[in-house]
Amino acid sequence: MASAVSSLSAGSGNERFNAEAANWDKNPFVHEASKEAATAIVKQFPALKNRPAGHQLDVLEIGCGTGLLSCLLAPHAGRYVAVDAAQGMIDVLQSKLDKSEAPPNIIPVAVLLEDPEDKNLPPANEQEPDGKRLKVDLITSHLVLHHIEDLKSVLKTMLGCLKDGGSLALTDFQDTGPESKSFHPQSRMGGVERHGIHAETMEALMNEVGFVNARVTPAWSMDKTVEKFEGEFGEDPRSRKPDQGVVRSFPFVLCTGERAFCQTSDKS
Ligand SMILES: C[S@@+](CC[C@H](N)C(=O)[O-])C[C@H]1O[C@@H](n2cnc3c(N)ncnc32)[C@H](O)[C@@H]1O
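Letter 134 of the sequence shown, counting from 1, is numbered 134 in the UniProt record's numbering, and no numbers are missing.
Structure below.
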């Protein structure tokens, strides 16, 4: 299985997210966006909520950050493996999981996921800790794809993490043209590989990698205060002045696709 080349392995993105981890949850936008993502994912996969205890779907979230989406979806899931390449993000998630009200089924893992058989992932069989890794029913990610340099490789990794018949539910903002660049302020461009997801390109890529029923559909839109000109917010967008910025609406997409039953080999 080829490995995913992520911009994070080059260092800049990872440093950025380690540095931002402690303050990540102070941004109301990320809470709002995760709630919208959870709603869109549950609507698309009602089985997440409808399974009886003991038969819930096992979920893998790639790029869980501080676990905002994880904590919303995990109460409906079986095992919820929450992976992030930034140790700082996983440390914040772990501090939430240490509280008694936290979902008990979240398994936090600090790893840049490039290999479905990565030994940091939980084993398929607890009795064989060094054996094959867990395969899941559903893979989620939110606001992550635009940070990944080689989407084809990460999609191959995702295919390898799914059970036969398992599904993808990936959300991110949409690339609608040059105006999408304003989603990130200039000081937060580190690790940004593309300005949103281009629906047709992503759908074609999922098909190429071997997903069936690959679709990229509009999911929701959100207002965001963005820079009127590059660099307007300076180094810290949170301390922008009231007269700075302009409100723009950003559409988000939901990328879905399935691993075929009896998938024998992945397309390269
Ligand atoms: C913009 S943040 C989003 C975090 C979270 N999903 C949220 O919405 O609050 C992107 C996260 O993806 C992680 N990431 C990107 N590529 C990854 C990979 N291949 N494996 C694990 N984590 C990855 C980064 O470390 C970063 O924390």
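For glycine and all other residues, C-beta sits at the position ideal for the given N, C-alpha and C.
For residue 28, the enclosing alpha helix (DSSP H) covers residues 28 to 44. Excluding sequence positions up to five before and after residue 63, its CB lies within less than 8 angstroms of the CB of 83, 84, 85, 141, 142, 143, 144 and 147, all in the same chain and listed in chain order. A distance below 8 angstroms separates the beta carbons of residue 171 and residue 40. In this structure, DSSP gives residue 148 a state outside helix and strand, which the three-state scheme calls coil.
In summary, residue 29 is exposed, with fewer than 16 beta-carbon neighbours lying within 10 Å of its beta-carbon over all protein chains present. Below 8 angstroms, too few C-beta pairs join the segment 227 to 245 and the segment 197 to 209 to call them touching: fewer than three. Within the same chain, Cβ atoms closer than 8 angstroms to the Cβ of residue 193 are found at 7, 146, 147, 148 and 149, the five residues on either side in sequence being excluded. By the criterion of a C-beta distance shorter than 6 angstroms, residue 72 is surrounded in its chain by 38, once the five residues flanking it on both sides are discounted.
When the Cα atoms are used, residue 109 and residue 139 turn out to be separated by approximately 15 angstroms. When the Cα atoms are used, residue 229 and residue 187 turn out to be separated by approximately 12 angstroms. Your pair residue 34 and residue 60 does not check out as a contact, with CB atoms roughly 17 angstroms apart and the cut at 8 angstroms. Within 10 angstroms of the beta-carbon of residue 183 lie 16 or more other beta-carbons, which makes it buried. In the displayed model, residue 76 falls within a helix according to three-state DSSP.
By the C-beta density criterion, residue 165 is exposed, having fewer than 16 other C-beta atoms within 10 angstroms. A direct Cα-to-Cα measurement between residue 54 and residue 75 gives close to 13 angstroms. Residue environment: residue 124 is assigned as exposed (fewer than 16 neighbouring CB atoms within 10 Å of its CB, all protein chains considered). Bridge pairing for residue 106: 80 [DSSP]. In the three-state reduction of the DSSP assignment, residue 22 falls in the helix class, which pools H, G and I. Remark: the shortest separation between the CB of residue 142 and any heavy atom of ligand 1 falls under 7 angstroms.
Residue 219 counts as buried, since at least 16 other C-beta atoms from the protein chains shown sit within 10 angstroms of its C-beta.
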